[in-house]
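Participant: Let me give you the structure first, and then I'll get to my questions.
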């Protein structure tokens, strides 16, 4: 499409480009459509959205990108300058919510990300879309929705998560669960336990859409639809088991500075408990931590390059929807005593186990050097 192909269509309000041989977004051609309100780009072999892909489309409110099988990412400034209320990106190959591209669309009320291979909705990833009312992620391969995933979405009234891989949907993912009016979650392999009670208690005020969700487990209620359970029997069928830490023997570790330390913590529960640890400095360490301290898949706390300041009491916290259990372990780190013959040597010093919280950690290191060696080399 030539750069001035649409230059005479100043009053055009709606445009659909479908099943063309386009291999790139015709940014310059579209920029002449100053009154364009609705743009639909469907069934195209375009593999990239350029930055500022839709420049000078100041009146554009509706944008649909559909069936772009080669598109696997959306750059941060792709929608720069747009003031959309409706955005649909479906049937592409993007594997994560394009947070950086969406966050400035503060007037967006409808978002459709269906049929993209997105497996996780991370906490707070949509928080800037403060006016969002409808979110559709049908057939998106979703398996995890993190707590507080919909933080900031106080006006969210319709959520469509049908045809995904969700085993649960906890109340704490929502900013305002009582504002939710329609929740479409059919065709998900739900484990019907206490984590789902909140939504059944709100039924029929909370509309499940045209198809009722069903239980995939446990076996005694498998393939039963949610509507079959009266609120009076929910606590009998939808149950959880509080965590219980298995080995509670007193753990006291004594190590030399610089060694690797591991403290075990295993727990039973239903659903399977999440394990985190609290350090002597009251920092929370989890499997997402990326400092010297992290939690391994089996719940073990691992500290690399132990330092004297790591000495103290560590608390293992096993938690699930039914409650939590704790266990304490003691660590003593013996300081390094340098040899007198190496007076120019400075031992490695690391200030903190984890400088920040579990969603991002940094470690500051100062390495040892022999001043004489540096001068000679």
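Numbering (UniProt numbering), first residue to last: 1 to 377.
Cβ coordinates follow ideal geometry from the N, Cα and C atoms, glycine included.
Quick one, which of 233, 15 and 330 has its alpha-carbon nearest residue 36's?
Facilitator: Taking the chain shown and counting its residues from 1, one reaches residue 36 at position 36. Selected option, being the one with the closest Cα: 15.
Participant: Quick one: residues in its chain with C-beta nearer than 6 Å to the C-beta of residue 188, no 5 flanking neighbours on either side, listed in chain order?
Facilitator: As a working note, residue 188 is residue 188 in the chain shown. Excluding sequence neighbours, residue 188 sits near 164 and 166.
Participant: Go ahead and pull the three-state DSSP assignment for residue 100.
Facilitator: Within the chain shown, residue 100 is the residue found at index 100, counting from 1. Correct three-state label for residue 100: helix.
Participant: DSSP three-state call for residue 20: helix, strand or coil?
Facilitator: Position 20 of the chain shown holds residue 20. Residue state, collapsed to three classes: coil.
Participant: Suppose contacts are defined by Cβ-Cβ distances below 7 Å. Is residue 41 in contact with residue 65 by that definition?
Facilitator: Start at 1 with the first residue of the chain shown, and residue 41 comes out as number 41. Start at 1 with the first residue of the chain shown, and residue 65 comes out as number 65. Going by C-beta atoms, residue 41 is nearer than 7 Å to residue 65.
Participant: For the stretch 226–239 against the stretch 186–200, do three or more pairs of beta-carbon atoms, one drawn from each stretch, fall closer than 8 Å, so that the two count as touching?
Facilitator: The stretch 226–239, when compared against the stretch 186–200, does touch it at the 8 Å Cβ threshold.
Participant: If you pair each beta-carbon of the stretch 146–161 with each one of the stretch 197–205, do three or more pairs fall below 8 Å?
Facilitator: Result no; under three Cβ-Cβ pairs closer than 8 Å.
Participant: Measuring CA to CA, which of 115, 82 and 85 is closest to residue 97?
Facilitator: By 1-based counting over the chain shown, the position of residue 97 is 97. Among 115, 82 and 85, the Cα nearest to that of residue 97 belongs to 115.
Participant: How would you call residue 225, buried or exposed, if buried means at least 16 neighbouring beta carbons within 10 angstroms?
Facilitator: As a working note, residue 225 is residue 225 in the chain shown. Exposed.
Participant: With distances taken between CB atoms, is the gap from residue 159 to residue 132 smaller than 7 Å?
Facilitator: Position 159 of the chain shown holds residue 159. Position 132 of the chain shown holds residue 132. Cβ atoms of residue 159 and residue 132: not closer than 7 Å.
Participant: Could you say if the stretch 246–264 and the stretch 209–229 meet the contact criterion of at least three C-beta pairs nearer than 8 Å?
Facilitator: Not touching, per the Cβ criterion.
Participant: In three-state DSSP terms, what is residue 172?
Facilitator: Within the chain shown, numbered from 1, the residue matching residue 172 stands at position 172. If DSSP states are grouped into helix, strand and coil, residue 172 belongs with the helices.
Participant: May I ask you to report which of helix, strand or coil DSSP gives residue 218?
Facilitator: Residue mapping note: residue 218 aligns to position 218 of the chain shown, counting from 1. Residue 218 falls in the coil class under three-state DSSP.
Participant: Buried or exposed for residue 259, please, with buried defined as at least 16 other CB atoms from any protein chain shown within 10 angstroms of its CB.
Facilitator: Reading the chain shown from its first residue, position 259 is the one you call residue 259. The residue is exposed, with fewer than 16 neighbouring Cβ atoms inside 10 Å.
Participant: So residue 336 is in the beta strand (DSSP E); what residue range does that whole segment cover?
Facilitator: As a working mapping, residue 336 is identified with position 336 in the chain shown. Per DSSP, residue 336 belongs to no beta strand (DSSP E) and is neither H nor E.
Participant: Who does residue 267 pair with in a DSSP beta bridge?
Facilitator: Locating residue 267 in the chain shown gives position 267, counting from the first residue. DSSP lists 245 as partners of residue 267.
Participant: Are residue 6 and residue 24 touching if we call contact CB-CB under 7 Å?
Facilitator: Position 6 of the chain shown holds residue 6. Position 24 of the chain shown holds residue 24. No, the pair does not count as a contact, with Cβ atoms beyond the cut-off.
Participant: Tell me the DSSP secondary structure of residue 197 in three-state form.
Facilitator: As a first step, residue 197 is located in the chain shown; it is residue number 197 there, counting from the start. DSSP places residue 197 in helix when its eight states are reduced to three.
Participant: So who's on the other strand from residue 317, going by DSSP bridges?
Facilitator: For the purposes of this step, residue 317 is taken as the residue at position 317 of the chain shown. DSSP lists 276 and 326 as partners of residue 317.
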